[in-house]
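Undergrad: According to the numbering used here, the sequence shown is numbered sequentially starting from 425. Could you have a look at this structure, given as structure tokens, before my questions?
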Amino acid sequence: MNVNQSAPPVPPFGQPQPVYAGYHQSSYGGQPGSTAAPTPYGAYNGPVPGYQQTPPPGVSRAPASSGPPPASTAQGPCGQTAYGQFGQGDVQNGPSSGVQMQRLPGSQPFASAPLAPVVSQPAVLQPYGPPPTSAQVTAQLAGMQISGAVAPAPPASGLGYGPPTSLASASGSFPNSGLYGSYPQGQAPPLGQGHPGAQPPQRSVPPQASSFTSPASGGPRMPSMTGPLLPGQSFGGPPVSQPNHVSSPPPQALPPGTQMTGPPGPPPPMHSSQQPGYQLQQNGTFGPARGPQSNYGSPYPGAATFGSQPGPPQPLPPKRLDPDAIPSPIQVIEDDRNNRGSEPFVTGVRGQVPPLVTTNFVVKDQGNASPRYIRCTSYNIPCTSDMAKQAQVPLAAVIKPLARLPPEEASPYVVDHGESGPLRCNRCKAYMCPFMQFVEGGRRFQCCFCSCINDVPPQYFQHLDHTGKRVDAYDRPELSLGSYEFLATVDYCKNNKFPIPPAFIFMIDVSYNAVRSGLVRLLCEELKSLLDFLPREGGAEESAIRVGFVTYNKVLHFYNVKSSLAQPQMMVVSDVGDMFVPLLDGFLVNVSESRAVITSLLDQIPEMFADTRETETVFAPVIQAGMEALKAAECAGKLFVFHTSLPIAEAPGKLKNRDDRKLINTDKEKTLFQPQSGAYQTLAKECVAQGCCVDLFLFPNQYVDVATLSVVPQLTGGSVYKYACFQVENDQERFLSDLRRDVQKVVGFDAVMRVRTSTGIRAVDFFGAFYMSNTTDVELAGLDGDKTVTVEFKHDDRLNEENGALLQCALLYTSCAGQRRLRIHNLALNCCTQLADLYRNCETDTLINYMAKFAYRGVLSSPVKTVRDTLITQCAQILACYRKNCASPSSAGQLILPECMKLLPVYLNCVLKSEVLQPGAEVTTDDRAYVRQLVTSMDVAETNVFFYPRLLPLTKSPIENTTEPPAVRASEERLSNGDIYLLENGLNLFLWVGASVQQGVVQSLFGVPSFSQITSGLSVLPVLDNLLSKKVRGLIDSLRAQRSRYMKLIVVKQEDKLEMLFKHFLVEDKSLSGGASYVDFLCHMHKEIRQLLS
């Protein structure tokens, strides 16, 4: 588009944008853009610019500044430039609304006159949006009038508009990513959410939408919202149109100067003493308006604005978009807790959306599986594939078949049908469930999945009541509950033999690194007591699981610990190329019978290898040996492998160091996530066939190729734990806690899972830690209560609104006691012919869980940039379809989000900024591979906190109050330097201490008199006998108890070098690796949506 042609109205903005090399932005860098044709609107939330071409009398001109920022930008870790390289000013604490931005008014070329100093003024919300019937947000600022009525002034602790500084905002365009176009720094479509101090907004149609208005477009006018004119202020002419560059996937990048703006609307009325403007809009509430958050420091004054061109006089600054006005995850979570936390969630009704994963609630099973077992991306699915394609909302379920339940909920009932086994449909093999329809007086039943009519066996027959229900329906779990278990008959067992109880084999690396770090001694000490806590069935006195021990470096050492021996015997296998198990009898033993011999062995191992000089290790032969031992014993089981280094010794599965950071952001980056050789996949396949699950504990000091070593744990349903640069004094608590939990947790062995669906949809794709030899059966050598399998569904026929859609997940597994069982979960969903019904019943947390897993699998086969672009496009399509088909007509300048998807942009931005998709300089290849495989089997609650961490202020609530404090948003602006905060994401736990914290607090918590004496990087808080110390330590313990892995504490002091690591988790801010701030990403999503709509 030609910059000289008349453009739709865009607010001028004086903050220069960081742009990509090779792009010239017109009106920047000394290329004056032509004056745009007069346009009817003033700047976003500012006055209508004046026609005067000269500064008001007495206003001095600011010197022009241009060119790159000064070289003295802050250095981050690994020599990274902190923030400054992104064209930002100082990052400040305190409310963002204090950020004042320079604006260029009037019909002036950008380079025509120097900037005038900024004048501080009360901001005025200006009318802009739908006709007067729409809800209006109450004005919050002193001196503001709406149609003559004066709004109350906000409390003093509310949004201050700061000193007259011109501060570059802490969020600009997206550098380095090549994905995003520039928006006015920190300005985004204003959202219709009540600001702190605002009145709760009223609802207007459509009820399920959240809308906000873009500064970059026109629209219908509203009754004016006015305030007194300031001295020296005049109103006047058209703003200069400003180009927005959008750099999408490379081939179709738009040329400089392309405008993304809405159609111009009618001009607002002009008043002699008042100024019109844009009004924030509200289509659907964001919950109760939140009160002001006190104690946030004010912005640092005087930050430079780099690269500004001289401009015309500047009487008034526009205000930056208030982050409190865009959807807040904290507010959504809080509202859901308040609205849905008190009542039990009863599963009797089809297609109910459950409370959020962040809400504590009790489930009452009345025919559908609890959301603890299955969560769906939408509980109302489109009737046709065309409709599903149009909406682009993935239809997926995140299934956690063995999820642990809270104590107040009963575990699934076990049903024993004797030798006849569970009743199934003859055609599709679905299991009996509450949705099956009994006919002909109860003598036959119609399958709800495939409609086949089946005979009811005589021993299962029961009469029907007047409603057609069996009279014993409520006595049988399979006819009245969503989740239950069947005892499996011998037909469901391998080789038609009932299984024997599984075994655990502990395989310990005794190379130089493992011994020197103290790992071997620590582990042997712990195992002596841990073996008393092996998992057991309900009432059993002791565990049926047998144990065995192997140590290894370049060769393997097997131990005979038969109870009749006085001392353990060691047998060495040095031919690692042809692995065999040198003994059968005495290798796998019962703990209580061989207790003395096992204790003796665990005492001797650290002494035997104390003087070892062997640094090389093998890896594949170790797993091979464990698998062969289980095969010889004819049982399933689990290997616990403790490993320290890259296996470079001559043996099968030998690896080389292939770590190469130069591949990042190239097409070959995907090779970093792929295994080095196919040998491990073949080995994993053999392990799955044997029911041999592998849990891997890694203790690397350097690159160990996690991508390759984690293949076997990943494909066998196991877990990987990683403790980089392990030191006993720092990491012992984390390692031992993880080990205890891993050994004690209930596991299903030798499992097969199948998901059946009613006619119309079918399972087409699966994500998680498992192996698949065909397209339907998910094979898991082991499955524990933390692992999920994510299943995607597609249409293969038309669905019926009346019948809905059904899912049945059946898991066949061997329990810890060696019992073969079937666990069944059923779920009924609604079907819709209206897109609005789909969008009203989505669950964003589950959607993000699916999208993250989809993207993390995508990096194995596609360049990371392609994966990121795909995610952004899909999100834009989902929201654009809603805007086009479900939202009431309104200005293109409004971003309208579905009520239950209003957090999709903020959460998706967190996924895009994650280590796998956008690594910082300090993130290692191993870290990325580790996180990638970890997220693959996370449940919805874990991905929720992993991508959007919880930030808890500790000193805001009274010390006596021991409940968990309410969280604040994950942004630096929310940190006050007089407070202390805890941040957790399920893997990491930080305690951030502000520099101005009261001395008494420092003394109570750390036992030292001043902030300067706190040890940075401290990982344990001292046990002190005072209320604050007990409260904080209690809170840390309760957070750890909620997570599946132990979170090691790191104390971070404000302005300390560790703070860079902490800031990485403040996900609403721009990240050092080039990730966008939430505000910027919202702008970008809006632009993408408008592009799709136009």
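Built from N, CA and C at the ideal position, the CB exists for glycine as well.
Can you give, in chain order, each stretch of the alpha helix (DSSP H) that sits fully within the stretch 856-916 and has at least 4 residues?
TA: If we require 4 residues or more, the alpha helix (DSSP H) runs fully inside the stretch 856-916 come out as 901-904.
Undergrad: Measure the alpha-carbon distance for Gly1184 versus Thr1132 and round it to whole angstroms.
TA: If you take the alpha carbons of Gly1184 and Thr1132, they lie about 39 angstroms apart.
Undergrad: Could you name each continuous alpha helix (DSSP H) segment of 4 residues or more that falls completely within the stretch 1361-1436, going from the start of the chain to the end?
TA: With a minimum length of 4 residues, the continuous alpha helix (DSSP H) runs that stay inside the stretch 1361-1436 are 1364-1371, 1423-1430.
Undergrad: Rounded to whole angstroms, how far is the Cβ of Pro959 from the Cβ of Glu909, which I believe are closer than 8 angstroms?
TA: About 17 angstroms; that fails the 8 angstroms criterion.
Undergrad: Tell me which same chain residues have a C-beta within less than 8 angstroms of the C-beta of Lys1337, skipping the five on either side of it?
TA: So the list reads Val1491, Ser1495, Ser1497, Gly1499, Ala1500, once near-sequence residues are dropped.
Undergrad: Looking only at DSSP bridge pairs, what is Ala1187 linked to?
TA: DSSP output for Ala1187 lists Phe1217 as bridge partner(s).
Undergrad: Here's a check: name, in chain order, each residue in its chain whose Cβ is nearer than 7 angstroms to the Cβ of Cys948, leaving out the five neighbours to either side.
TA: The residues are Leu1026, Ile1029, Pro1030.
Undergrad: Going by CA-CA distance only, name the one from Cys1507, Pro747, Asp1002, Leu1407 that's closest to Leu1473.
TA: When only C-alpha atoms are compared, the closest one is Leu1407.
Undergrad: Thinking C-alpha only, which one of Glu832, Val1392, Ile1404 is nearest Ile1383?
TA: Cα-wise, what sits closest to Ile1383 is Ile1404.
Undergrad: What's the call for Glu1512, buried or exposed, on a 16-neighbour Cβ count within 10 Å?
TA: Classification for Glu1512: buried.
Undergrad: Between Glu1226, Gly1228, Val1112, Ser1285, which has its C-alpha nearest Asp1174's C-alpha?
TA: When each option's Cα is compared against that of Asp1174, the closest is Val1112.
Undergrad: Alpha carbon to alpha carbon, what distance is there between Thr1379 and Gly1424?
TA: The alpha-carbon atoms of Gly1424 and Thr1379 are separated by roughly 12 angstroms.
Undergrad: With three or more C-beta pairs closer than 8 angstroms as the rule, is the stretch 1387-1401 touching the stretch 1358-1375?
TA: Touching, yes.
Undergrad: Any idea what DSSP makes of Ser1161, helix, strand or coil?
TA: Three-state result, Ser1161: helix.
Undergrad: Tell me whether Asp1208 sits in a helix, a strand or coil according to DSSP, three-state version.
TA: Here Asp1208 sits in strand by DSSP.
Undergrad: Tell me which residues share the same chain as Cys1256 and place their Cβ nearer than 6 angstroms to its Cβ, disregarding the 5 neighbours each side in the sequence.
TA: Closer than 6 angstroms at the Cβ level, and outside the excluded window around Cys1256, lie Asn804, Leu1262.
Undergrad: Under the three-state reduction of DSSP, which class applies to Phe1173: helix, strand or coil?
TA: In the structure shown, Phe1173 sits in a strand (DSSP, three-state: E or B).
Undergrad: Spatial neighbours of Asn1273 within its chain, please: CB distance less than 6 angstroms, with the 5 preceding and 5 following residues excluded, ordered by chain position.
TA: Correct list, in chain order: Val822, Val1364, Thr1367.
Undergrad: Could you tell me the alpha carbon to alpha carbon distance between Gly1317 and Gly1418, rounded to whole angstroms?
TA: If I take the Cα positions, the gap works out to 40 angstroms.
Undergrad: Considering just the uninterrupted stretch of the alpha helix (DSSP H) at Arg945, what are its terminal residues?
TA: Where Arg945 is concerned, the enclosing alpha helix (DSSP H) stretches over 943-954.
Undergrad: Going along the chain, which residues of its own chain have a beta-carbon closer than 6 angstroms to the beta-carbon of Arg799, five neighbours each way excluded?
TA: Only Val822, Thr1270, Val1364 meet the Cβ criterion.
Undergrad: What does a CB cutoff of less than 8 angstroms around Ser1462 pick up in its chain, not counting 5 residues either side in sequence?
TA: Glu1388, listed in sequence order.
Undergrad: Do Ala1252 and Asn792 have their beta-carbon atoms positioned less than 8 angstroms apart in this structure?
TA: Yes.
Undergrad: Quick check: the Cα distance between Val1526 and Thr1386, rounded to an integer number of angstroms?
TA: A question about residue 1526 goes unanswered here, because the residues of the chain that appear run from 425 up to 1518.
Undergrad: Determine the direct distance from the alpha carbon of Thr1068 to that of Leu943, and round the result to whole angstroms.
TA: So the alpha carbons of these two residues sit roughly 10 angstroms apart.
Undergrad: Near Arg894, what residues of its chain come up, given a Cβ to Cβ distance below 7 angstroms and the 5 sequence neighbours on each side ignored?
TA: Answer for Arg894: Phe862, Gly866, Gln886, Leu888, Leu903, listed in chain order.
Undergrad: Are the beta-carbon atoms belonging to Arg1244 and Thr1238 less than 8 angstroms from one another?
TA: For Arg1244 and Thr1238, yes; Cβs fall inside 8 angstroms.
Undergrad: Within the continuous beta strand (DSSP E) that includes Pro753, where are the two ends?
TA: Unbroken run through Pro753 is the alpha helix (DSSP H), 753-764; no beta strand (DSSP E).
Undergrad: Comparing C-alpha positions only, which one of His841, Arg774, Tyr1470 sits nearest to Ser1161?
TA: Of His841, Arg774, Tyr1470, the residue nearest in Cα terms is Tyr1470.
Undergrad: DSSP three-state label for Ser606, please.
TA: With a pLDDT of only 38 at Ser606, under 50, the local geometry of the prediction cannot be trusted, and the value read off the model is given with reservation. Ser606: coil per DSSP, three-state reduction.
Undergrad: So is Glu1093 buried or exposed if we call it buried at 16+ other beta carbons inside 10 Å?
TA: The residue is buried, with at least 16 neighbouring Cβ atoms inside 10 Å.
Undergrad: Can you tell me whether Ala1229 is helix, strand or coil according to DSSP?
TA: If DSSP states are grouped into helix, strand and coil, Ala1229 belongs with the strands.
Undergrad: Beta-carbon separation of Leu1235 and Cys872 under 8 angstroms?
TA: Not closer than 8 angstroms, so no.
Undergrad: Could you say which of Cys857, Phe1190, Leu1204 lies nearest to Phe1217 if we only look at CA atoms?
TA: Measuring from the Cα of Phe1217, the nearest candidate turns out to be Phe1190.
Undergrad: Taking the straight line between their C-alpha atoms, what separation do you get for Ser1443 and Arg1514?
TA: Those two C-alpha atoms are separated by around 48 angstroms.
Undergrad: Quick check: what's the CA-CA separation for Arg527 versus Ser1400?
TA: Since pLDDT at Arg527 reaches only 38, below the 50 mark, its modelled position is unreliable, and the value read off the structure follows with that caveat. Near 29 angstroms, if we compare the C-alpha coordinates of Ser1400 and Arg527.
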